[in-house]
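Novice: Once you've had a glance at the structure underneath, I'll fire off some questions.
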Amino acid sequence: MYETRSGANAGPKLADATALPIEVRGLAKRFGDVEVLRGIDLQVQPSEVVCVIGPSGSGKSTLLRCIAFLEIYDEGEVRIEGRLLGYREGDGPRRLSGEREINEVRACLGMVFQHFNLWPHMTALGNVTEALRVVKRMSRAQADEAGLDALRKVGLQGQARQYPGQLSGGQKQRVAIARALALQPRVMLFDEPTSALDPELVGEVLSVMRQLAADGMTMVVVTHEMGFAAHVANRVVFMDEGRIVEQGAPADVLTAPRSVRLKQFLNTWRERSI
Amino acid sequence: MIDTDMIARYGPLLLAGLVTTVRVCALASLIAFAFGLVLALLLGARLMIVRAMARLYVEVMRGTPILVILFLLYYGGPSFGLVLDAEPVGVLGLGFYGAAYFAEIFRAGFESIPTGQIEAARMVGLRRRHIVRRIQIPQMLGLIVPPSVNQGIILVKESAVLSIITVAELTKNSMQMANETFAVVEPFLAVALLYWLLIEAISWSGRWIERRVRHV
Ligand SMILES: Nc1ncnc2c1ncn2[C@@H]1O[C@H](COP(=O)(O)OP(=O)(O)OP(=O)(O)O)[C@@H](O)[C@H]1O
Ligand SMILES: [Mg+2]
Chain X
0 MYETRSGANA GPKLADATAL PIEVRGLAKR FGDVEVLRGI DLQVQPSEVV
50 CVIGPSGSGK STLLRCIAFL EIYDEGEVRI EGRLLGYREG DGPRRLSGER
100 EINEVRACLG MVFQHFNLWP HMTALGNVTE ALRVVKRMSR AQADEAGLDA
150 LRKVGLQGQA RQYPGQLSGG QKQRVAIARA LALQPRVMLF DEPTSALDPE
200 LVGEVLSVMR QLAADGMTMV VVTHEMGFAA HVANRVVFMD EGRIVEQGAP
250 ADVLTAPRSV RLKQFLNTWR ERSI
Chain A
0 MIDTDMIARY GPLLLAGLVT TVRVCALASL IAFAFGLVLA LLLGARLMIV
50 RAMARLYVEV MRGTPILVIL FLLYYGGPSF GLVLDAEPVG VLGLGFYGAA
100 YFAEIFRAGF ESIPTGQIEA ARMVGLRRRH IVRRIQIPQM LGLIVPPSVN
150 QGIILVKESA VLSIITVAEL TKNSMQMANE TFAVVEPFLA VALLYWLLIE
200 AISWSGRWIE RRVRHV
């Protein structure tokens, strides 16, 4: 196991090489009166691929969005490579971090969304190079080179000059993956990356993800693609009603479920996919 | 019969009025556009108090006739140490009045951009000001051209009330022509034609800009 750092003595600016890529402890999140996450503990090891499954409304997206700090969580902590995300380190009442600190901590995270969220007024290459130029302050030439590299990784160097509106869903999602990869993240978060795609376009996106996993990328993937979970994940996490109900190796979780809820969930899924 | 001679004689006066109207409206639009954008950003500010102030401004401006605002500035201004000529009062009044309407146009433009795009921008480390400048404003511009042109046209038509605070713009000068000649048809026909030409020119430019900012 990896040692977890105690916040007080470690320098807050240094990424701790021994720290886990992601460590979630006692995470709770409410929307108004609705408790959406009720105490989540999750540790992700380097190069591990974790697939999160569960019924609709169980809090999978919310968990991922809290890990990215797109949602402000109420209790517990999210640590990225040892550094607390979203709140200032220290005792007493918690204070939110500023934009700059948040960006620093999540700089190693890349995120891919169900609906791609490309910027329609920029070309594929423009989408990929925007942050390289603005955040990494690369020159146009440097950024274009790095951007084309990223597009090549997802097999889209030929589409660099096209606008999102001219691309298929699968191509859009691959551009979105390239946009995240261009910043050389060490952890990738995926929220149902293939759910908005026509069935015949799912494969091209999954194969890019499979390649990423094979290259050793640490990944957390919320998905309904049980095949992907079975074959690519190192661990499958089953969520229900804001809790992690069961987790383990895909073979165990998917073929020998222990909890009633997971059994039901898998049965429903099997019925639907017949 | 229409007295074309009279129109020719008063042509220079009417044209001078047109020039003033164009100048006043151009400057006022500039203020309205720029301050409207600032207001729209403030309407979405993180601090509640800032949002509330911006909202109050917009509501007060929209709830007050432009004439009242002009009177306040022109006749009430001096009691607050604000002594301005009629034309600058007209520009400022129209500009800050129009800003409230432009702010609403811009706010709608901002809100029409899916939040997912902004979240994606945050995840690649873009800071708020970059998101506004590189993601939101460029997309918003395409959407806001038609309503902005509309608002510009309204502003031109409302500029006629500046005649009441003695700005020598188109309407004021046509009234002078009517007073001096005792004619009613010619002055107002001429002035209607000039307003129409001006507004056609604005619509035409609007369509031209729209073609340029639209893509894909
Ligand atoms: N912004 C929000 N405001 C209020 N409630 C929300 C918000 N986002 C999510 N919820 C609620 O939180 C619960 C969990 O939502 P979440 O999107 O995390 O579920 P999910 O597991 O991702 O579901 P799905 O498989 O449908 O994507 C749901 O009941 C949802 O209605
Ligand atoms: Mg979801």
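Chain order of the listed sequences is X and A.
Going by numbering that gives the first Met the number 0, 96 is the number at position 97 of the first sequence; the sequence numbering is gapless.
Going by numbering that gives the first Met the number 0, 14 is the number at position 15 of the second sequence; the sequence numbering is gapless.
All residues carry an ideal CB built from backbone N, CA and C; glycine is no exception.
1. Out of curiosity, what's the CA-to-CA distance linking X:R269 and A:Q150?
2. With a threshold of 7 Å between beta carbons, is A:V67 in contact with chain X?
3. Assuming X:F264 is part of the alpha helix (DSSP H), what are its boundary residues?
4. Could you check where the alpha helix (DSSP H) with X:R99 kicks off and where it finishes?
5. Looking at chain X, is there any beta carbon in it that lies within less than 7 Å of the beta carbon of A:A119?
6. On the DSSP bridge assignment, give the partners of X:E74 in chain order.
7. Judging by CA-CA distance, which residue of A:I48, A:L91, A:V82 and A:A51 is the nearest neighbour of A:I68?
8. Please give me, in chain order, every unbroken run of the beta strand (DSSP E) with length at least 3 that falls completely inside the stretch 169-223 of chain X.
9. Where X:A159 and X:V201 are concerned, what is the direct C-alpha to C-alpha distance, given to the nearest angstrom?
10. Comparing the C-beta of A:R126 with each C-beta of chain X, is any distance below 7 Å?
11. Please compile the residues from chain A whose C-beta is within a distance smaller than 8 Å of the C-beta of X:F112.
12. In angstroms with no decimal places, state the Cα-to-Cα distance between X:L19 and X:D73.
13. Give me, in chain order, the residues of the same chain whose beta-carbon lies closer than 6 Å to that of X:E203; leave out the 5 immediate sequence neighbours on both sides.
14. Below 9 Å between beta carbons is the criterion; list the residues of the stretch 145-163 of chain A that meet it against any residue of chain X, in chain order.
15. Where do the ends of the alpha helix (DSSP H) carrying X:M251 lie?
16. Using the beta-carbon of each residue, which ones in chain X are nearer than 7 Å to A:P137?
17. Just tell me which of X:S55, X:E34 and X:I79 has its CA closest to the CA of X:R24.
18. Determine whether the beta carbon atoms of X:R173 and X:V153 lie at a separation below 7 Å.
19. Compare the Cα-Cα distances from X:A149 to each of X:T128, X:Q113 and X:P92 and report the closest residue.
20. Have a look at the DSSP bridge pairing and note the partners of X:L36.
21. Rounded to a whole number of angstroms, what is the C-alpha to C-alpha distance between X:T193 and A:L196?
22. Against X:A140, what residues of chain A qualify as contacts under a CB-to-CB distance less than 8 Å, listed in chain order?
23. Run down chain A in chain order and give the residues with a C-beta less than 8 Å from the C-beta of X:N266.
24. Would X:P256 be called buried (16 or more neighbouring beta carbons within 10 Å of its own) or exposed?
25. Closer than 9 Å between beta carbons: that is the criterion. Which residues of the stretch 173-187 of chain X meet it against chain A?
26. Could you check whether the Cβ of X:T61 sits closer than 6 Å to any heavy atom belonging to ligand 1?
27. Below 8 Å on the Cβ atoms is my contact criterion, and I expect X:M238 with X:G31 to pass it. Report the Cβ-Cβ distance as a whole number of Å.
28. Taking 8 Å as the threshold, find out whether the stretch 40-50 of chain X comes into contact with the stretch 215-235 of chain X through three or more Cβ pairs.
29. Closer than 8 Å, Cβ to any Cβ of chain A: which residues of the stretch 53-75 of chain X, in chain order?
30. Hey, is X:E80's beta-carbon within less than 7 Å of any beta-carbon in chain A?
31. Taking only beta-carbon positions, decide if X:E98 is within less than 7 Å of chain A.
32. Output yes or no for whether 7 Å exceeds the beta carbon distance between A:G10 and A:N172.
33. Is it buried or exposed for A:F79, if we count other Cβ within 10 angstroms and need 16 for buried?
34. Classify A:Y73 as helix, strand or coil using the three-state DSSP reduction.
35. Taking Cβ to Cβ, would you say A:A27 is nearer than 7 Å to A:A98?
36. At a cut-off of 6 Å, would you count X:F30 as near ligand 1, judging by its Cβ distance to the nearest heavy atom?
Specialist: Result, derived from the coordinates:
1. Going by the C-alpha atoms only, they are around 57 Å apart.
2. no
3. V259 to S272
4. E98 to V104
5. yes
6. Paired residue(s): X:A27.
7. A:L91
8. Under the rule that a run must span 3 or more residues, the beta strand (DSSP E) segments found entirely inside the stretch 169-223 of chain X read 186-190 and 217-221.
9. 21 Å
10. At a cut-off of 7 Å between beta-carbon atoms, A:R126 makes contact with chain X.
11. G115, E118 and A119
12. 22 Å
13. G169
14. none
15. According to the sequence as given, residue 251 of chain X is Asp; it is not Met. Looking at the DSSP string, the run of the alpha helix (DSSP H) that includes X:D251 is P249 to T254.
16. H120
17. X:I79
18. yes
19. Closest by alpha carbon: X:T128.
20. X:K28
21. 54 Å
22. Going along chain A, no residue has its Cβ under 8 Å from X:A140, so there is no contact; the nearest lies around 19 Å.
23. Within chain A, no residue comes near X:N266; the closest Cβ sits about 33 Å away, beyond 8 Å.
24. buried
25. A175, R178, A179, A181 and L182
26. Relative to ligand 1, X:T61 has its C-beta within less than 6 Å of a heavy atom.
27. The Cβ separation is near 20 Å, so there is no contact.
28. yes
29. Of all residues in the stretch 53-75 of chain X, A67 and L69 have a Cβ within less than 8 Å of some Cβ in chain A.
30. no
31. yes
32. Taking 7 Å as the Cβ cut-off, A:G10 and A:N172 do not qualify as a contacting pair.
33. exposed
34. Three-state DSSP puts A:Y73 in a helix.
35. no
36. yes
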